[in-house]
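To start, the structure itself, in structure tokens.
Protein chains: 2
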Amino acid sequence: MLRPLAFDADDTLWHNESHYAETQEAFRALLRPYHDDAWIDARLHDTELRNLGHYGYGIKGFTLSMIETALELTEDRLDGAGIRQVVELGKAMLAKPVEPLPGVAEVLQELSNSYDLMLITKGDLFDQETKLARSGLGTHFSKVEIVSEKDEGAYAAILERHGIRPAGFIMVGNSVKSDILPVLALGARAIHIPYHLTWAHEVVAAPGDAPFPVLETIRDLPALLASW
Amino acid sequence: MLRPLAFDADDTLWHNESHYAETQEAFRALLRPYHDDAWIDARLHDTELRNLGHYGYGIKGFTLSMIETALELTEDRLDGAGIRQVVELGKAMLAKPVEPLPGVAEVLQELSNSYDLMLITKGDLFDQETKLARSGLGTHFSKVEIVSEKDEGAYAAILERHGIRPAGFIMVGNSVKSDILPVLALGARAIHIPYHLTWAHEVVAAPGDAPFPVLETIRDLPALLASW
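Take a look at the structure:
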């Protein structure tokens, strides 16, 4: 039996946060006649967090939060054409090509010979499924788990469902909060590969001396695993 | 080992389509100064179908489709306050109490003694999870599968994942298209319990002489299963 090795998706296998950043820049441009950038960013961030309990993660909720923020920041003066632009910004994000990060396709191909590869991602089910399909990476994964939150309980449920002992489980991802800390808390191992952007909601204070390896690129992963 | 018995959720275990109908009535009221009801309904339905490929199923996508339809039907003249009302209609739907249909809680309790109960539902992951939690019915189900589409392939994947033979599987639901026909196609059994409303997208021509039982209420389910 191959040993299980799990990957996060967004910003670990393919670009994601950079699409949000581009969209947010277009959103700022739309509202620049009304407010300065810092204020627009702060209000959008507040609206997103307030709406997480209604919408969960994903582009549709982000689009609705942009619309709400735009109305708030313009005191309802943004016209129909402006709102339509925001709706289209969301649709454009959903239609963006899914670009695997450098080295991802080769490394997954190589590791699939000696590991049973899993994908564990949070967010919108429909959106994540279509992204995986469009990425062309789907065939490498024997198991795909899309969850609404990646906390200790969610990982414990996944491991139990597949009969995996924590001691035999390794998770690879870009988010210390979602991919690393809850996995370590279960007694499993985790490998951090940072992305150059992190959504403010995912930022946590790094533990003093990180008790997990940090890689610069997924290309360094096979050598690290071989050393274990 | 208990025999598997699977249930659809929306409009099988709790009211759902009636919430859409109420929301759509409020949406009509907002646009009545511009168009007649039939035209509003027709345009909203078209927008929803066109957007299914972008948004998938669920309330967030429906809300974005209402916004798009409102802008289209008013030629962008709907003002910010009007758009805000549509956003709030969507949020109100997400916050609606989840009301189990009559008899559901008792029947699930009874059947859980002799069957391994599964929930198989399509739609927005976050939304369906919070509805199940709010319904108070979660403890009856040993397995919960939330999928983006309920077709033959999706059911086949679920059965394989849980090691269930089609001949030993029974599905109960309100949608002939999503709960009955794909299950019968796999060689499993399905029981239809219609809800008084059906979303236009889910309506299919009923087979001439329905090769599946149709119950008026879930209260009749234990007796039917006992007769098999």
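Same order as they appear, the protein sequences are chains R and Z.
Counting in the UniProt record's numbering, the first sequence runs from 1 upward without gaps.
Counting in the UniProt record's numbering, the second sequence runs from 1 upward without gaps.
Heads up, the beta-carbon is just placed ideally off N, CA and C, and yes, glycines get one too.
Mapping DSSP to helix, strand and coil, what is Z/L13?
-> In the second sequence, the residue the question calls residue 13 of chain Z occupies position 13. Looking at Z/L13 - three-state DSSP - the assignment turns out to be coil, as it is neither helix nor strand.
Compare the C-beta of R/L78 with all C-beta atoms of chain A and state if any pair is closer than 9 Å.
-> Checking the listed chains, one finds no chain A in this structure; the protein chains it contains are R and Z.
Measure from the C-beta of Z/L31 to each C-beta in chain R and report whether the shortest distance is under 9 Å.
-> Position 31 of the second sequence holds residue 31 of chain Z. Closer than 9 Å to the CB of Z/L31 there is not a single CB belonging to chain R.
Could you pull out every residue in the same chain whose Cβ sits closer than 6 Å to the Cβ of R/V144, ignoring the five residues on either side in sequence?
-> Indexing the first sequence from 1 puts residue 144 of chain R at position 144. By the criterion of a C-beta distance shorter than 6 Å, R/V144 is surrounded in its chain by L119, once the five residues flanking it on both sides are discounted.
Answer with yes or no whether the minimum CB distance from R/I40 to chain Z is below 9 Å.
-> For this step, residue 40 of chain R is matched to residue 40 along the first sequence. No - not a single Cβ of chain Z is within 9 Å of the one on R/I40.
Closest by C-alpha distance to R/E216, when choosing among R/V204, R/P222, R/I193 and R/E68 = Looking up residue 216 of chain R in the first sequence gives position 216. Closest by alpha carbon: R/I193.
Bridge-paired residues (DSSP) for Z/E145 = Position 145 of the second sequence, counted from the start, is the residue given in the question as residue 145 of chain Z. Residue pairing by DSSP places Z/E145 opposite Z/I120 in a beta bridge.
Who are the neighbours of R/A81 on chain Z, taking C-beta pairs under 9 Å?
-> For the purposes of this step, residue 81 of chain R is taken as the residue at position 81 of the first sequence. Correct list: L71 and D76.
So which of R/V87, R/D127, R/Y57 and R/A6 has the shortest CA-CA distance to R/T23?
-> Indexing the first sequence from 1 puts residue 23 of chain R at position 23. Comparing Cα-Cα distances from R/T23 to each of R/V87, R/D127, R/Y57 and R/A6, the minimum goes to R/V87.
For the putative contact between R/F7 and R/M66, defined by C-beta atoms under 8 Å, what is the C-beta separation to the nearest angstrom?
-> Reading the first sequence from its first residue, position 7 is the one you call residue 7 of chain R. Reading the first sequence from its first residue, position 66 is the one you call residue 66 of chain R. About 29 Å; that fails the 8 Å criterion.
To the nearest whole angstrom, what separates the beta carbons of Z/D124 and Z/I59, a pair I think is in contact under 8 Å?
-> Here residue 124 of chain Z refers to the residue found at position 124 when the second sequence is read from its first residue. Here residue 59 of chain Z refers to the residue found at position 59 when the second sequence is read from its first residue. 7 Å between Cβ atoms; contact.
Three-way DSSP call (helix, strand, coil) for Z/I180 in this model = Translated into positions along the second sequence, residue 180 of chain Z becomes position 180. Helix at Z/I180.
For the putative contact between R/S114 and R/L2, defined by C-beta atoms under 8 Å, what is the C-beta separation to the nearest angstrom?
-> For the purposes of this step, residue 114 of chain R is identified with residue 114 of the first sequence, where counting begins at 1. For the purposes of this step, residue 2 of chain R is identified with residue 2 of the first sequence, where counting begins at 1. Contact between R/S114 and R/L2 holds: their C-beta atoms lie close to 7 Å from each other, under 8 Å.
Out of curiosity, what's the CA-to-CA distance linking R/S175 and R/S18?
-> Residue 175 of chain R sits at position 175 when you count from the first residue of the first sequence. Residue 18 of chain R sits at position 18 when you count from the first residue of the first sequence. Here the alpha carbon of R/S175 sits roughly 15 Å from the alpha carbon of R/S18.
For Z/A188, the first and last residue of its enclosing beta strand (DSSP E) | By 1-based counting over the second sequence, the position of residue 188 of chain Z is 188. Per DSSP, Z/A188 belongs to no beta strand (DSSP E) and is neither H nor E.
From R/A226 to R/H140, what distance separates their C-alpha atoms?
-> For the purposes of this step, residue 226 of chain R is taken as the residue at position 226 of the first sequence. For the purposes of this step, residue 140 of chain R is taken as the residue at position 140 of the first sequence. Using only the alpha carbons, I get a separation of about 19 Å.
Check whether the Cβ of Z/I164 lies closer than 9 Å to any Cβ atom in chain R.
-> Taking the second sequence and counting its residues from 1, one reaches residue 164 of chain Z at position 164. No - not a single Cβ of chain R is within 9 Å of the one on Z/I164.
What is the DSSP secondary structure of Z/Y20, counted as helix, strand or coil?
-> Looking up residue 20 of chain Z in the second sequence gives position 20. Z/Y20 falls in the helix class under three-state DSSP.
Could you tell me the boundaries of the beta strand (DSSP E) in which Z/L5 lies?
-> Position 5 of the second sequence, counted from the first residue, corresponds to residue 5 of chain Z. Going by DSSP, Z/L5 is part of the beta strand (DSSP E) stretching over R3 to F7.
Taking only beta-carbon positions, decide if R/D124 is within less than 9 Å of chain Z.
-> The sequence position of residue 124 of chain R within the first sequence is 124, counting from 1. Cβ-Cβ to chain Z under 9 Å: yes for R/D124.
Tell me where the alpha helix (DSSP H) around Z/G53 begins and ends.
-> Start at 1 with the first residue of the second sequence, and residue 53 of chain Z comes out as number 53. Where Z/G53 is concerned, the enclosing alpha helix (DSSP H) starts and stops at D37 to Y55.
Give the DSSP-derived three-state secondary structure of R/P166 in the structure shown.
-> Here residue 166 of chain R refers to the residue found at position 166 when the first sequence is read from its first residue. Per DSSP, reduced to three states, the secondary structure at R/P166 is helical.
Do the CB positions of Z/I83 and R/G80 come within less than 9 Å of each other?
-> Here residue 83 of chain Z is taken as the residue at index 83 of the second sequence, counted from 1. Here residue 80 of chain R is taken as the residue at index 80 of the first sequence, counted from 1. For Z/I83 and R/G80, yes; Cβs fall inside 9 Å.
Run down chain R in chain order and give the residues with a C-beta less than 7 Å from the C-beta of Z/R84.
-> The residue labelled residue 84 of chain Z in the question sits at position 84 within the second sequence. By Cβ distance, chain R contributes L71 and D76.
State the Cα-Cα distance for the pair R/G168 and R/P211, rounded to the nearest angstrom.
-> To locate residue 168 of chain R, count along the first sequence from 1; it is residue 168. To locate residue 211 of chain R, count along the first sequence from 1; it is residue 211. About 17 Å.
What residues from the stretch 36-68 of chain Z come within 7 Å of chain R, judged by C-beta to C-beta, listed N to C?
-> The stretch 36-68 of chain Z vs chain R, Cβ under 7 Å: H54, Y55, G56, K60, G61, T63, L64, I67 and E68.
So, is the C-beta of Z/Y8 closer than 9 Å to a C-beta in chain R?
-> Here residue 8 of chain Z is taken as the residue at index 8 of the second sequence, counted from 1. Note on identity: in this sequence residue 8 of chain Z is Asp, with Tyr being the wrong assignment. Taking Cβ atoms only, chain R never reaches closer than 9 Å to Z/D8, which makes this a no.
Just mark Z/Q128 as buried or exposed, buried being the case when its beta carbon has 16 or more other beta carbons within 10 Å.
-> Residue mapping note: residue 128 of chain Z aligns to position 128 of the second sequence, counting from 1. Buried: at least 16 other Cβ atoms inside 10 Å.
In the DSSP assignment, find the unbroken alpha helix (DSSP H) run with R/S227 in it and report its ends.
-> Taking the first sequence and counting its residues from 1, one reaches residue 227 of chain R at position 227. Counted as a single uninterrupted DSSP element, the alpha helix (DSSP H) harbouring R/S227 occupies residues L221 to S227.
Since Z/I222 and Z/V104 are thought to touch, with beta carbons under 8 Å apart, how far apart are those beta carbons, to the nearest angstrom?
-> Within the second sequence, the letter at position 222 stands for residue 222 of chain Z. Within the second sequence, the letter at position 104 stands for residue 104 of chain Z. The sequence shown places Pro at residue 222 of chain Z, not Ile. The Cβ separation is near 12 Å, so there is no contact.
Going by CA-CA distance only, name the one from Z/P4, Z/L197, Z/L224 and Z/A70 that's closest to Z/A21.
-> Indexing the second sequence from 1 puts residue 21 of chain Z at position 21. Closest in C-alpha terms to Z/A21, from the list Z/P4, Z/L197, Z/L224 and Z/A70, comes Z/L197.
Local conformation of R/G90 per DSSP, three classes | Looking up residue 90 of chain R in the first sequence gives position 90. Three-state DSSP puts R/G90 in a helix.
From the DSSP output, read off the bridge partner residues of R/G173.
-> Working through the first sequence from its first residue, we reach residue 173 of chain R at position 173. Its beta-bridge partners are R/H192.
Nonlocal neighbours in the same chain, by C-beta distance under 6 Å from Z/R189, ignoring five residues either side = Within the second sequence, residue 189 of chain Z is the residue found at index 189, counting from 1. Result list for Z/R189: I170, in chain order.
Give the secondary structure of R/Y115 by DSSP, where H, G and I count as helix, E and B as strand, and everything else as coil.
-> Looking up residue 115 of chain R in the first sequence gives position 115. It is a strand residue.
Just the Cα atoms here: how many angstroms apart are R/G138 and R/E160?
-> Numbered from its first residue, the first sequence carries residue 138 of chain R at position 138. Numbered from its first residue, the first sequence carries residue 160 of chain R at position 160. Distance between the alpha carbons of R/G138 and R/E160: 23 Å.
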